[in-house]
Each structure stands twice: as structure tokens, then as C-alpha cells.
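The block underneath contains the structure these notes are about, expressed in C-alpha cells.
Protein chains: 2
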Amino acid sequence: MTHAIALDVGGTTIKAGLVAPCGVLAAQRTRPTPQEPQALADTLADLARELRAHAVEMGLQLVNHVGIAVPGIVDEDVGIGVYSANLGWRDAPLKAMFEEAIGAPVAFGHDVRSGALAEMVWGTGSPTMIYLAIGTGIGAAVVLAGTTFNNHGYAGELGQALVSLHGRDVVLEHYASASGIVEQYARRSGIPAREINGAEEVFAAARSGNDHARATIEVAVTLLARSLGATLAILGSMDIVLGGGLARAGADLTEPLTQALTHRLRISPMPSVRPAKLGSWSQCLGAGYRALVAAGEIVIEPAGCDGMGTAREPGEPQ
Amino acid sequence: MTHAIALDVGGTTIKAGLVAPCGVLAAQRTRPTPQEPQALADTLADLARELRAHAVEMGLQLVNHVGIAVPGIVDEDVGIGVYSANLGWRDAPLKAMFEEAIGAPVAFGHDVRSGALAEMVWGTGSPTMIYLAIGTGIGAAVVLAGTTFNNHGYAGELGQALVSLHGRDVVLEHYASASGIVEQYARRSGIPAREINGAEEVFAAARSGNDHARATIEVAVTLLARSLGATLAILGSMDIVLGGGLARAGADLTEPLTQALTHRLRISPMPSVRPAKLGSWSQCLGAGYRALVAAGEIVIEPAGCDGMGTAREPGEPQ
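Chains as they are written, first to last, in the numbering used here: chain A, 1 to 318; chain B, 319 to 636.
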């Protein structure tokens with residue numbers, strides 16, 4: 001089967017692999033992320049070479065396009081990394097640099113939006129959704145009728161937006177990201193944050209009746225509902241898909257969030273809130289998806305903004 | 319010049335007229351709105367006949383399509399009035415009923431979304447924006463790359479959504495619509511609401527230093543910013559166009575709202591907040607726009623959800 005080389009540039013780690021049109025991920029590799037664009041391009045080229053050699057060895061066909069997902073503010077349409085606080089670039093012509101280093105056309109995209117596309121085609125299957133990647137921060141991707149809404153790269157910066165809590169304005173991700181939940185639980189309980197084993201421990205403590213944990217999660221859910229409520233009122237009800245590390249909380253998160261949103265939206269239909277089905281390699285899968293689409297190995301049925309787009313493999317019945 | 323018959327069904331009044339592709343509105347008529355769908359269809363047919371006769375008399379050409387804008391929850395794609403509290407319909411096949419009564423194809427749309435389209439093409443010119451119609455209630459329309467985002471009719475129901483105020487959840491339009499501003503000012507000042515001459519009087523009182531009026535408007539602006547902030551973080555910065563009666567407040571509303579949104583969004587680019595350029599006939603103009611598009615008299619350049627659509631008259635250079 002044809003595969004695409006897919007590279008997901010994280011803040012500390014690059015995830016690389018070969019992605020097939022059925023969504024299977026083969027030959028997974030990881031590598032530390034160099035902090036400078038040219039060094040990064042060279043490392044990506046190394047990984048691409050390594051995966052290409054692996055494909056030859058395994059007798060796998062590869063598409064010419066290489067899929068690459070990067071964090072920060074990313075303008076997919078022009079191939080520019082507008083800004084990344086973590087990786088320190090500003091208006092870097094990443095797509096051109098990567099193509100030069102790798103010697104192949106690059107299908108270039110934002111990491112959270114790539115994860116959302118993978119989730120759309122190989123995970124929950126929602127062609128119109130708000131996808132939240134909740135980990136250290138909170139990134140959002142809006143998928144409308146099968147394509148992401150980019151707005152020159154500025155869509156999705158939800159985590160840093162203010163939300164009101166007890167009459168004060170607070171930064172959403174300080175309370176509702178996986179890290180924020182750990183920090184707030186540490187503050188309430190007096191347990192040092194380094195001794196808390198991630199947000200999962202806070203959800204477990206809440207399940208066993210710990211009041212500090214319950215209050216921490218209640219605040220996180222309330223602030224997520226406040227942030228999403230007006231957006232759903234304006235856009236109309238659509239699926240909310242929760243990805244990133246916090247997706248593992250499952251119904252402990254989706255159920256109270258559904259309730260809180262239903263309360264806020266009143267006359268609109270109840271949104272469906274569900275955990276993402278793909279795990280921590282979703283962004284790498286999404287990078288592969290972009291390459292397979294660019295190479296014509298996956299065909300997107302075009303649709304208007306108010307219709308439904310669908311992705312299918314060529315030859316698959318429509 | 320070719321014109322389209324355009325009919326805007328309001329809660330109490332129908333506005334009717336002839337709309338030219340340059341956005342000129344001729345032969346304006348108004349008529350009380352019958353409360354029952356069939357009686358409404360007959361009245362619309364009467365108005366269409368009257369406007370057709372007027373066009374003949376004036377030597378104006380008419381397109382075959384008639385544009386009709388209706389309130390409530392409207393599914394444009396299937397031609398159904400899903401729900402209107404005011405007009406009492408539920409799942410009414412309005413487009414088919416209107417076509418039967420008028421004897422012509424109908425370009426059918428939601429009133430606020432029609433107003434937003436008119437604003438896009440003949441007003442502020444923003445192809446990607448959130449348009450708010452602020453009057454008795456607050457309706458929203460999202461225009462993405464030149465087309466409205468409908469979501470089966472459920473997009474735009476912002477006014478009834480909850481927003482948090484001093485730790486309580488309140489209904490946005492009770493505080494931030496033109497009527498809400500009058501009511502809140504009446505409550506604070508002790509002046510009976512019926513003696514207050516609309517939200518304009520409250521803005522005027524605030525300008526001359528009245529503390530009750532200032533506080534009323536400050537709350538309205540804060541709640542609008544809270545409702546729009548997360549949406550702009552998720553979608554990325556885009557124009558906010560304020561229509562409806564409250565648009566007349568001009569800079570008294572747009573300036574503090576810009577400030578409040580800039581505060582909330584932090585890392586995202588500052589949105590442009592501006593008053594709509596079209597007045598109270600914008601929805602009728604939008605109904606005409608839909609008919610002219612349906613008849614091929616205005617050509618929309620298609621674009622992806624992340625690109626920019628443009629509308630032009632046929633023959634106009636691209």
C-alpha cells in the first residue's frame with residue numbers, strides 16, 4: 001500500500017512515521033526537536049531519509065509529498081511559521097526551508113489542525129467540529145465541512161484567551177489545561193505539583209470524593225463551557241472533540257462539560273462532546289493525511305461551508 | 319437595470335422593494351406581517367404582484383427569482399422555517415409555500431444572515447466577519463469567505479446564550495441588546511422604561527456623564543466582549559460588524575468594545591469592530607442579493623473556507 005512520510009514537530013520531540021491512506025501508522029520514530037529552523041530542517045531531512053530507506057526495505061511505495069506539522073501560529077496557505085514562542089521563530093519560510101532540505105514537496109500544516117483532520121478522517125469522523133487539544137496548553141481547531149478554518153494562522157489560540165472566574169479575568173489554560181488542572185489542584189490541596197501524576201490523578205481523586213479535586217475540575221469545566229458556549233451559539237451546535245492528554249479523562253470530562261454547555265446554550269440543540277479517538281500520534285497522522293491528500297491518494301469531496309465534505313480513498317464508492 | 323423583488327419578513331412588518339445589482343433599493347413598501355404561514359405567503363404574493371406592476375410601469379427588467387428573508391431558525395439549504403417564536407411556525411416548508419403562492423422561484427434565507435450578506439457586498443465589504451444585529455434581541459451571522467455559515471439554521475442564536483456577570487449567569491440580550499440597555503438603565507436610574515427614547519438616549523446620557531447610563535453601557539460592552547472573545551480566539555481575529563438599531567451608537571459602542579476585546583484576546587491580532595453601513599433595510603437588500611445571485615446577475619467567486627470569496631457583477635473585471 002502507498003504510504004506518506006509524516007513528521008510532527010513538537011516543542012521538545014519530533015514524532016515521525018509512515019502513514020497509509022487507511023490511517024495506519026508504521027515505522028514510528030522520535031527525535032529531540034532542534035531549536036533553530038535550519039537545524040530543524042536538517043533533522044527532518046534525516047528522518048525523511050531514514051523512513052524512505054525503511055520503506056524501500058519493507059517494499060512500501062511512498063508518495064512524493066512529505067507531510068509536516070508544526071506548532072505556533074502557522075499560515076498554511078503561504079507556508080510560513082508566523083510565530084512560535086517555544087521554537088523561537090517569527091515569519092520563518094518553513095515550507096520552503098523544509099522542501100529545500102528534504103528535496104521533495106512538503107504538505108505543511110499546523111499541528112493542532114493536523115490532529116483535527118486526522119481525527120475527522122480516522123477518529124470520531126466529525127466533518128464539522130471544534131477540536132480541542134488539551135495538554136500543557138489549549139489549542140483549538142475548527143473543522144468546517146471537512147476542511148480546517150485557518151484565518152491566516154490565527155485561528156485556534158484559545159488557551160491564552162481570558163475568561164471570567166468569580167468576576168476576575170483569568171487565562172483559560174491556567175485553569176483548564178492538563179497542566180493547569182494539576183497546578184490548581186496543587187494550590188488547593190497543598191500537595192506539591194511535582195508529586196501529582198498528571199491531570200489523570202486529579203480526575204481519579206475527584207472520583208474517590210476528594211473535595212479539592214472536585215472543585216478543581218468543576219472550575220475547569222465551567223471555564224471551558226464559558227469559553228465554548230458563545231462560540232457554539234454563534235456557529236450553531238457542532239461536535240466538540242477533546243484531544244490531547246486530557247482526552248483520557250473520558251466521561252469524567254465529557255459528561256459535566258455537556259451538561260454545562262447545555263445549560264448555557266438554552267435554545268440551541270445540545271452539542272455532542274466526546275473524547276478524541278486517536279492518541280498522542282494524531283498530529284503525525286494528520287501530517288500524513290495532508291501529504292496523502294496533496295499526492296491525490298485521498299480524495300476530498302468539496303462542499304460549501306454549510307455542507308458536509310467527505311474524504312475517501314480513490315476508487316472507493318462515493 | 320435588472321432588479322430583483324425582495325421581501326423581508328419581520329416580526330411585525332414586512333419590508334419589500336426592488337434591489338438592483340449595484341445595491342440600490344427602489345419602490346419600498348411595508349405591510350403588517352400576518353401571523354399564519356399561508357396568510358403570510360398570500361401577502362408576500364400580493365406584494366410581489368404590486369412590485370412587478372411597478373417595475374413594468376417604470377420599464378425595469380426583473381429577474382425571475384424573488385428574494386425572501388425570514389426570522390427564527392431557518393434552514394436555507396432545505397427551505398424550511400424550523401422555528402419562530404414570534405411567528406409561531408415549526409418545520410414549515412416556507413420556500414415551497416412561497417413559491418406556490420408567488421408562482422416564481424424563491425431565493426430563501428434567514429433575515430440576519432441576509433442582512434450580513436448585504437453588508438458584505440454593499441456595506442462594510444468584509445468577506446469574513448461576525449455580524450451582530452442588535453435590536454430587540456441579538457442575532458449573529460458568521461460570514462466566512464463570502465458565504466454565511468448556516469449549520470442547518472442553528473448558527474447565530476447568540477442573544478439567548480448565557481454569559482457570566484458578577485459570578486451569575488445571565489441572558490446576553492437582557493443586558494446588551496438595545497432593549498436590554500433601555501431596561502437596565504431604567505432599573506438603575508428609576509426612570510420608567512417607556513419614558514426612555516431607545517438605547518440612543520442611554521448613550522447620550524452616558525456621554526453627558528450620567529453614572530447610571532455609563533454603568534449600563536459598561537456592562538453591555540463587557541458582556542458582548544465576554545461572548546465574542548473566545549469565539550475570536552477560536553476562529554482567529556476577524557471583523558466584527560455591528561448592525562441593527564444599536565449600530566447608530568457608532569464609536570460610543572465600537573471603541574470600548576474594541577478595547578475590551580483586545581484586553582481579552584491578548585496574543586491574537588486586534589479585531590476591527592465597526593458599525594454596519596446599511597440601515598434598517600439591510601435584510602431586504604440581502605433578500606434581493608440572494609435573488610440576484612440565484613438568477614446569475616451577481617457572480618460569487620468561490621473560495622475555500624480559509625480563502626476570500628468576492629462578489630462581482632457579470633462582466634466586471636475579476
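C-beta: ideal position from N, C-alpha, C; glycine also. These numbers were taken from a predicted model, which means no experiment stands behind them.
Just confirm the distance between the C-beta atoms of residue i and residue j, as a whole number of angstroms; I'd bet it's less than 8 Å.
| i | j | result |
| --- | --- | --- |
| R525/B | D570/B | 7 Å |
| L162/A | I102/A | The pair is not a contact, with the Cβ atoms about 40 Å apart (cut-off 8 Å). |
| R248/A | E200/A | 6 Å |
| A436/B | Y607/B | 5 Å |
| M556/B | N150/A | So it is not a contact: roughly 12 Å between Cβ atoms. |
| M640/B | I616/B | No statement about residue 640/B is possible, as the shown extent of chain B runs from 319 to 636 and does not include it. |
| V424/B | H383/B | 7 Å |
| I80/A | A473/B | Actually they do not touch by this definition, with Cβ atoms about 31 Å apart. |
| V63/A | G153/A | V63/A to G153/A, Cβ: 25 Å. No contact. |
Rounded to the nearest angstrom, what separates residue i and residue j at their Cα positions?
| i | j | result |
| --- | --- | --- |
| A213/A | T30/A | 34 Å |
| E573/B | G328/B | 30 Å |
| M626/B | G236/A | Low confidence applies here, because M626/B scores a pLDDT of 35, under 50, leaving its location unreliable and the question unanswered by this model. |
| L51/A | G390/B | 55 Å |
| G562/B | L550/B | 21 Å |
| L579/B | L292/A | 39 Å |
| G146/A | P127/A | 5 Å |
| G441/B | S598/B | 12 Å |
| D540/B | L158/A | Looking at the sequence shown, residue 540/B is not Asp but Thr. Distance between the alpha carbons of T540/B and L158/A: 19 Å. |
| G319/A | I5/A | The displayed coordinates of chain A run from 1 to 318. Any statement about residue 319/A would go beyond what the structure contains. |
| I181/A | V202/A | 7 Å |
| R264/A | L94/A | 41 Å |
| T310/A | P21/A | In this prediction, T310/A scores a pLDDT of 43, lower than 50, which makes its location untrustworthy; the coordinate-derived value is nonetheless stated afterwards. Taking the straight line from one Cα to the other gives about 14 Å. |
| K333/B | L25/A | 59 Å |
| S84/A | A133/A | 17 Å |
| A523/B | P269/A | 39 Å |
| L320/A | Q28/A | The question about residue 320/A has no answer, for chain A in this structure spans 1 to 318. |
| E183/A | C602/B | 53 Å |
| G508/B | K595/B | 34 Å |
| E394/B | A538/B | 31 Å |
By a C-beta neighbour count over all protein chains shown, 10 Å radius and 16 as the cutoff for buried, is residue i buried or exposed?
| i | result |
| --- | --- |
| V439/B | buried |
| H3/A | buried |
| G286/A | buried |
| M319/B | exposed |
| D302/B | Look at the range of chain B in this structure, 319 to 636, and you will see that residue 302/B is not part of it. |
| V396/B | exposed |
| A371/B | exposed |
| E173/A | buried |
| M415/B | buried |
| R544/B | buried |
| A357/B | exposed |
| T33/A | buried |
| P271/A | buried |
| G229/A | buried |
| D529/B | exposed |
| E375/B | exposed |
| H428/B | buried |
| P632/B | Because P632/B carries a pLDDT of 45, less than 50, the predicted location of this residue cannot be relied on, and the following value inherits that uncertainty. Exposed, because fewer than 16 other Cβ atoms sit within 10 Å of the Cβ of P632/B. |
| G167/A | exposed |
| G67/A | buried |
Going by DSSP, what residues sit across from residue i in a beta bridge?
| i | result |
| --- | --- |
| I452/B | I456/B |
| P275/A | L242/A |
| Q61/A | T2/A |
| D326/B | K333/B and A387/B |
| P32/A | T13/A |
| S482/B | D487/B |
| G81/A | V74/A and A92/A |
| M129/A | V143/A and D239/A |
| G474/B | Beta-bridge pairing links G474/B to no other residue. |
| P149/A | At residue 149/A the sequence reads Phe, which differs from the Pro that was named. F149/A is not bridged to any residue. |
| G109/A | A69/A |
| L25/A | V19/A |
Below 8 Å between beta carbons is the criterion; list the residues of the stretch 133-160 of chain A that meet it against any residue of chain B, in chain order.
With the criterion set as a beta carbon lying under 8 Å from some beta carbon of chain B, the members of the stretch 133-160 of chain A are A140, V142, L144, A145, T147, T148, F149, N150, N151, H152, G153, Y154, A155, G156, E157, L158 and Q160, in sequence order.
Identify each residue in the stretch 477-506 of chain B for which the Cβ-Cβ distance to at least one residue of chain A is less than 9 Å, and report them in chain order.
Considering only beta carbons, the part of the stretch 477-506 of chain B lying closer than 9 Å to chain A consists of G477, Q478, A479, L480, V481, S482, L483, H484, G485, D487, V489 and L490, in chain order.
Contact list for the stretch 216-231 of chain A against chain B, Cβ threshold 8 Å
The stretch 216-231 of chain A vs chain B, Cβ under 8 Å: R226, S227, L228, G229, A230 and T231.
Within 7 Å of chain A by C-beta, residues of the stretch 547-566 of chain B in sequence order:
Correct list: G547, A548, T549, A551, I552, L553, G554, S555 and M556.
Members of the stretch 251-265 of chain A that neighbour chain B once the beta carbon cut-off is set at 8 Å:
Legend: CB atoms of the stretch 251-265 of chain A lying less than 8 Å from CB atoms of chain B belong to residues H263, R264 and L265.
Along the stretch 386-412 of chain B, where does the CB come closer than 8 Å to a CB of chain A? Name the residues.
Among the residues of the stretch 386-412 of chain B, those with a Cβ less than 8 Å away from any Cβ of chain A are E394 and D395, in the order of the chain.
Of all the residues that make up the stretch 434-451 of chain B, which are near chain A by a beta-carbon distance shorter than 7 Å?
Flagged, chain order: I448.
When you check each C-beta in the stretch 587-612 of chain B against every C-beta of chain A, which residues fall closer than 9 Å?
Answer in chain order: P587.
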